[in-house]
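Only one structure is covered here, and it is reproduced in the block below.
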Amino acid sequence: MRLRWGTAVVAVLIAAGVAVVATARSAPPIEVRSQFVTGTPEAGAPVRLDTTLYFPAATPAPAVLLAHGFGGSKTDLDSEARSLADHGYVVLAYTARGFGRSDGLVHLDAPAYEIADARALLSYLATLPQVVTDAPGDPRVGVAGSSYGGGLALLLAAYDHRVDAVGADITWSDLSQALFPNAAGGQPGVFKKLWAGRLFASAAGTAGGACGRFAPALCAAYQRSATAGEPDAEILSLLAASSPAGVLGRITAPTLLSQGEEDSLFPLGQADANARGIGANGTPVKLIWRAGGHDGGTPATELVDNLRSWFDPVLLGRGLPDLTFDVTVPGSGISSANGRAVSQELRVLPGDVRGRTEPVPVAGTSQKIFAPAGGIPAAVTSVPGLGGLLGAAASSTGSGGLSTIPGQVATFVSPPLSQSLLLAGASTVTLTVTADDATDATLFAALHDVGADGGDTLPAGLVAPIRLTGITPGVAQDVTVTLPGVVRSVPAGDRLALTVATTDLAYQLPSAPRSYTVALAGPPLAVATVQGTFLRTGRPWLWLAAGMVAMAALGIGASIASGRRRRRRPRGRPGAPGPRPRGGR
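Below, the structure written as structure tokens:
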């Protein structure tokens, strides 16, 4: 009886395995076709865009336009494109002008060039019989991209209402604020020189000359600003034209915004600004704060899963869009496999998407800090593309280490927390700043987690640059500072430390030595937080199923072995020993 049951289970399991393999092998192939498509002419010359189409098994079908990141090409999108085509979409991936095999120059997602190119690609999709159309010349289409591609997705949706759905990942809202951030608000702030230099080099290095394939006007404006360490009117105008911030109210397509929590280029505040601007007119918006970013990374499968979940209800009519706000909380759970801290997904409660604040008192006397001549030595908090690694190293060693330099930093510390606290978003604090010998000030504020053992962690290596101008030397000035948007679970017993420093290697610093006096002013530190429900991580049923299969396999093996032993046992008196098993003792 046991043998028959075991044989039956084996048959079922084998049949299931064969079915899975057969299904995988029988999946119809994706048709892939590459060609050049005419873009927007430049300087009287035609521009061709290098594109690849991916056709699903069944057509006509809705389309997805995929745009790549800065310095990349359509080949970066191949795995995402194939996955979406497998799911039933016609996918058009392309290389933006100024990159790869496409013609033209880089204008930084300018409406007259890159956005006009993308509009031409929408018209091209509408001519394909494999693409579903909602009206003549109007394809049913979603547009998606990360970073440079995400900016294009938002701008295209603002300028062309044929776009039916948007997926924008780790992108910007206001480029001038991203590259010249000022946590004190108002005027342009401190030049993010390391990131700007890396971005410029990634495009300039693709062709000869100092400007490479950058448009001359953009290149000249950048070089002037990089030399001066502050933006001029022309670069601000060019950056504004390439920023979704000014046209968010035009976007009517349901929009998915995902932003990395380890991102010193486009931090969480950029996505929050996009979400507020798009949602203000009632356009459906979903916001995700995810692990990774420009300083980290996210598996392509996760990004595609997010896109499919968002696009399917709009483009395929499958289900309803999920408008919840999802936050990845690092180290908030414990792995049952190895006991290590793991991330968990927090689904924010309805009505709490804007977040809330908790007052946390911090204390410290008025402190004098100094900025060295030439800005050297400078604190190191993040390096483009490595910021997350630096933060992880600091976390593992329990030391903020390079992020603070004695004599350059004022510190204000809270009492030990009586209960755990989730940092989620941008906290605020009011400071009193006095420039002792200058009419302007450049400072960097940050919020640290100081453990009970004294270990210092700067979440994601992020700081808030502050630039003040028009200061009267020796006269105190109050300033409200918005600290970096971060996500961190701070355990009870830890303390929060607010630091105000005079240097940071990633930013343009004054060449002349300075001294400042910094003190706390006004109310306590307002710590940003959210409330929600932690979702289950992983897929427990898969582990359960795997365990059942393993147990069944062991049981089957035991049953078969037992049956074989019974068949082999020689006839004789009851209890007579059978043959010794091979390898047994």
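Position 165 of the sequence shown, counting from 1, maps to 607 under the working numbering, and the rest follow consecutively.
The C-beta atom is built at its ideal place from N, Cα and C for all residues, glycine as well.
Look at Gly514 here: in three-state DSSP terms it is coil, with no helix or strand label.
Excluding residues up to 5 positions away in sequence, Gly797, Gly927, Ala970 lie with their Cβ nearer than 6 Å to the Cβ of Gly867 in the same chain. For Ala883, the enclosing beta strand (DSSP E) stretches over residues 883–892. Between Phe656 and Gly486, the gap from beta carbon to beta carbon reaches 9 Å or more. In the assembly as shown, Thr911 is an exposed residue. Its beta-carbon has fewer than 16 other beta-carbons within 10 Å. Looking at Leu699, His736, Pro848, Val532, the one whose alpha-carbon comes closest to that of Ala943 is Pro848. Under the DSSP definition of a beta bridge, Ala805 partners with Val855.
Uninterrupted alpha helix (DSSP H) stretches at least 4 residues long and entirely within the region 636–705 occur at 658–670, 675–683, given in chain order. Contact annotation: Pro498 and Ala527 have beta-carbon atoms nearer than 9 Å. Apart from sequence neighbours up to five positions away, the residues of its chain that approach Ser845 with a beta-carbon distance below 6 Å are Ala821, Thr823, Leu900, ordered along the chain. Annotation: the continuous alpha helix (DSSP H) that includes Ser618 extends over 617–621. Beyond the five residues adjoining it in sequence on each side, Asn723 comes within less than 7 Å, by CB distance, of Gly691 in the same chain, given in chain order. In the three-state scheme derived from DSSP, where H, G and I count as helix and E and B as strand, Leu707 is classed as coil. In this structure, the beta-carbon distance from Tyr958 to Phe812 falls below 9 Å. Secondary-structure assignment with DSSP links Phe976 through a beta bridge to Leu788. The residues Pro858, Leu859, Asp891, Val892, Gly893, Ala894, in chain order, have a CB closer than 8 Å to that of Asp936 in the same chain once the five nearest residues on each side in sequence are set aside. Rounded to the nearest angstrom, the Cβ distance from Ser862 to Pro933 is 5 Å, consistent with a contact under 8 Å.
In the three-state scheme derived from DSSP, where H, G and I count as helix and E and B as strand, Val905 is classed as coil.
For Asp576 and Gly738, the gap between their C-alpha atoms comes out near 39 Å.
Within the region 574–604, the beta strand (DSSP E) runs of at least 3 residues that lie entirely inside it are, in chain order, 575–577, 583–588. Inter-residue distance for Pro814 and Phe886 is about 14 Å (C-alpha atoms, whole angstroms).
In the three-state reduction of the DSSP assignment, Gln919 falls in the strand class, which pools E and B. Burial is judged here by how many other beta carbons sit within 10 angstroms of a residue's own beta carbon; Gln477 has fewer than 16 and is exposed.
Checking the DSSP bridge columns, you'll see Trp731 partnered with Gln701, Val769. For Gly817, the closest alpha carbon among the candidates Ser684, Ser685, Thr876, Ala954 is that of Ala954. A direct Cα-to-Cα measurement between Gln629 and Glu473 gives close to 51 Å.
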